[in-house]
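Below is one structure; the comments refer to it alone.
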Amino acid sequence: MTSVRARFGVLVAFALMAFLVPTSTSEAATLPLSAPAFVLESFAPAAAPEPLASTGGARPSAVPVRVAPTRVAGLAVPAVSRSGRVALSRSVMRSALIRGKVIVAIASRYRGVRYVAGGSTPGRGFDCSGYTRYVFSMIGVHLPRVSSGQYGSMIKISRSQALPGDLVYFHSKNGHVYHVGIYAGGNRVWHAPYPGQRVKLERIWSSSIYVARLRI
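Residue 1 is where the sequence shown starts when you use full-length UniProt numbering, and the numbers rise one by one after that.
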């Protein structure tokens, strides 16, 4: 009889403990301490998304966009630093694929900079060729100032051969080049469109284009 009462007392004690001890509402708290790190991280609150460049009157600051150092075809892809300038080795400069990754990363830094006719700096604003010229200057390449001059200085390639970092030139029916953008892949270009617009990534809207690659 005493044994039965003792067992009953133990059960009552455990029931009271379960009732009195609060349970956590956190999903992560229910995971065992031995859970893999990637499982624990999946329950962490997501980081707030970075705001896009302002569309107001003030000039947006250039947002540093880093290309994570990696290797493509045996060559290291350097990171784009906060300053924007990148010193590329001769072997990287000769690789259109790797060079292009860096060029596109730099081009994306100036998203939201306003279009200004004759503009060639982020502070003043960009026109189309001023934008491409400025981006390429960040890797030590100095292109001619106007889009037709830039096209004339480069190697002409077919549209099917286009790689990110190549330049896309829009032309009229008579072949006159009137606009330029930086190919970003996926049939899209980074460009400074026209007055009232800002630097942006946009799908190529015309079939009247030439594609050209930096002459190394």
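Positions of the beta carbon are idealized from the N, C-alpha and C atoms, including for glycine.
Every value quoted in this text rests on a predicted model; they were computed, and no experiment measured them.
The beta strand (DSSP E) enclosing residue i, as first and last residue numbers
| i | result |
| --- | --- |
| A212 | I209 to R213 |
| K156 | I155 to I157 |
| I182 | V177 to G185 |
| Y151 | Taken as a continuous stretch (DSSP letters only), Y151 belongs to no beta strand (DSSP E), being part of the alpha helix (DSSP H) at S147 to G152. |
Through-space distance from residue j to residue i, alpha-carbon basis
| i | j | result |
| --- | --- | --- |
| W190 | R109 | 10 angstroms |
| S120 | G130 | 4 angstroms |
| S207 | S158 | 12 angstroms |
| Y194 | Y115 | 6 angstroms |
| H171 | Y210 | 7 angstroms |
| R198 | G123 | 13 angstroms |
| P144 | V177 | 14 angstroms |
| E202 | S95 | 25 angstroms |
| V113 | G125 | 6 angstroms |
| S91 | G118 | 34 angstroms |
| G56 | K200 | Because the pLDDT of G56 is 37, which lies under 50, any placement of that residue in the model is unreliable, and the number read from its coordinates should be weighed accordingly. Those two C-alpha atoms are separated by around 15 angstroms. |
| residue 244 | W205 | In this structure the chain extends from 1 to 216, so residue 244 is not present and cannot be described. |
| L214 | I155 | 6 angstroms |
| Y169 | G181 | 7 angstroms |
| V86 | Q150 | 21 angstroms |
| V141 | A107 | 14 angstroms |
| N174 | Q161 | 23 angstroms |
Rounded distance between the beta-carbons of residue j and residue i, thought under 8 angstroms
| i | j | result |
| --- | --- | --- |
| L163 | A212 | Going by Cβ atoms, the distance from L163 to A212 rounds to 11 angstroms, so no, they are not a contact pair. |
| S147 | H179 | 6 angstroms |
| V104 | I139 | In fact, because the Cβ distance is near 11 angstroms, the residues do not count as touching under 8 angstroms. |
Residues sharing a beta bridge with residue i, DSSP
| i | result |
| --- | --- |
| S120 | F126 |
| L201 | W190 |
Segment limits, alpha helix (DSSP H) that includes residue i
| i | result |
| --- | --- |
| G140 | Looking at the DSSP string, G140 is not in any alpha helix (DSSP H), and its letter there is neither H nor E. |
Heavy atom of the ligand SAM within 7 angstroms of residue i beta-carbon
| i | result |
| --- | --- |
| V104 | Ligands displayed in this structure: none; no statement on the ligand SAM is therefore possible. |
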